[in-house]
Amino acid sequence: MLGSSAGSSAGSSSVAARKVDGQKAAKRGDRDGAWQRMGMRRLDDRVRRQVECLSASHGEVREFFTHTPCTSLDRMVIAVGDGAGNNAVVSVAWVGFRTTRDLRAFKRIEDRQGSGDIHPLGASLLGLADITFTGHNYGTDIDRTTITIAEAEPAAGHLDAATLDALAEVAAYLPRPDLVRPDPVRP
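With positions in the sequence shown counted from 1, the corresponding number in this note's numbering is that position plus 1.
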């Protein structure tokens with residue numbers, strides 16, 4: 002089972018291989034395929050768009066936005082599950098900046114544990130109990146002047162830390178919601 006706590010190196014390499022395959026699918030815009038490669042399926046998701054980041058952030062990240070505003074903010078919360086009762090909630094935020102210099106300065110702050118964050122959309126939007134995102138299962142990706150930040154947390158059953166981290170790292174490669182192409186038709 003993908004989310005088991007067996008902890009063997011074979012299990013770790015399996016998660017790593019699935020993560021790479023999931024990231025490739027995500028880069029192609031195949032959201033459902035990305036989750037399938039991780040042994041999961043998308044159960045539900047919600048998207049919210051904002052034009053500013055200050056009100057959606059806290060800590061040093063919020064302080065950064067007081068002098069360097071973002072140009073766009075899209076956030077998504079996704080519930081995924083393996084069909085055996087092991088479910089996770091994944092938060093994804095796409096933050097746009099005017100310049101790559103602004104983006105790099107933001108990333109230096111965002112990557113430090115405890116420095117603040119973009120508020121993730123709550124699991125309550127999906128009808129689930131609210132989840133606290135810790136930042137321990139974290140992934141990012143950069144595309145020109147946009148950074149994608151993803152976090153994953155368990156929602157039900159058991160998913161080990163390696164799997165949760167891989168889910169976040171796959172989610173970081175998902176295209177911005179307005180750029181998602183329809184999933185390919187499968188026979």
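The beta carbon of each residue, even a glycine, is placed where N, CA and C say it ideally should be.
Could you tell me if residue i is buried or exposed, where buried requires 16 or more neighbouring beta carbons within 10 angstroms of its beta carbon?
| i | result |
| --- | --- |
| Thr-135 | exposed |
| Asp-161 | buried |
| Ala-130 | exposed |
| Ala-18 | exposed |
| Ser-10 | Any reading at Ser-10 must be qualified, since the residue scores a pLDDT of 40, below 50, and its modelled position is unreliable; no value is offered. |
| Ala-169 | buried |
| Thr-149 | buried |
| Gly-140 | buried |
| Lys-20 | buried |
Leaving aside the five residues before and after residue i along the sequence, list all residues of the same chain whose C-beta is less than 8 Å from its C-beta, in chain order.
| i | result |
| --- | --- |
| Thr-67 | Leu-55 |
| Val-52 | Ser-73, Leu-74 |
| Pro-222 | With the chain covering only 2 through 188, there is no way to say anything about residue 222. |
| Arg-43 | Arg-32, Asp-33, Trp-36, Ile-79, Ala-80, Val-81 |
Which class does residue i belong to by DSSP, given the choice of helix, strand or coil?
| i | result |
| --- | --- |
| Glu-61 | helix |
| Leu-44 | strand |
| Gly-34 | helix |
| Glu-152 | strand |
| Gly-117 | strand |
| Arg-105 | helix |
| Thr-67 | helix |
| Asp-166 | helix |
| Ile-79 | strand |
| Ala-172 | helix |
| Asp-179 | helix |
| Arg-50 | strand |
| Leu-122 | coil |
| Val-16 | helix |
| Ala-26 | helix |
| Leu-127 | helix |
| Ile-110 | helix |
Grab me the residues of residue i's own chain with a C-beta within less than 7 Å of its C-beta, minus the 5 sequence neighbours each way, in chain order.
| i | result |
| --- | --- |
| Ala-27 | Ala-35, Val-171, Tyr-174, Leu-175 |
| Gly-189 | Nothing can be reported for residue 189: it is not among the residues displayed for the chain, which extend from 2 to 188. |
| Pro-185 | Model confidence at Pro-185 stands at a pLDDT of 44, short of 50, so the residue's coordinates are unreliable; what they give is reported in the following sentence. Cβ neighbours of Pro-185 beyond the five flanking positions: Asp-31. |
| Met-41 | Val-81, Gly-82, Asp-83 |
| Pro-178 | Val-48, Asp-75, Met-77 |
| Asp-22 | Arg-38 |
| Ala-89 | Val-81, Ala-153, Glu-154, Pro-155, Ala-156, Leu-160, Leu-165, Leu-168 |
Grab me the residues of residue i's own chain with a C-beta within less than 6 Å of its C-beta, minus the 5 sequence neighbours each way, in chain order.
| i | result |
| --- | --- |
| Val-126 | One detail in the question is off: residue 126 reads as Leu in this sequence, not Val. If we look at Leu-126 and ignore the five residues flanking it on each side, its Cβ neighbours are Arg-47, Val-78. |
| Glu-246 | Nothing in the structure corresponds to residue 246, since the chain is present only between 2 and 188. |
In this structure, what does DSSP give as the bridge partners for residue i?
| i | result |
| --- | --- |
| Ile-143 | Ile-148 |
| Asn-88 | Gly-82, Ala-157 |
| Val-96 | Leu-74, Ile-148 |
Would you please state the rounded distance, in angstroms, between the beta carbons of residue i and residue j? I believe it to be under 8 Å.
| i | j | result |
| --- | --- | --- |
| Ser-58 | Asp-118 | 7 Å |
| Ile-110 | Phe-65 | 5 Å |
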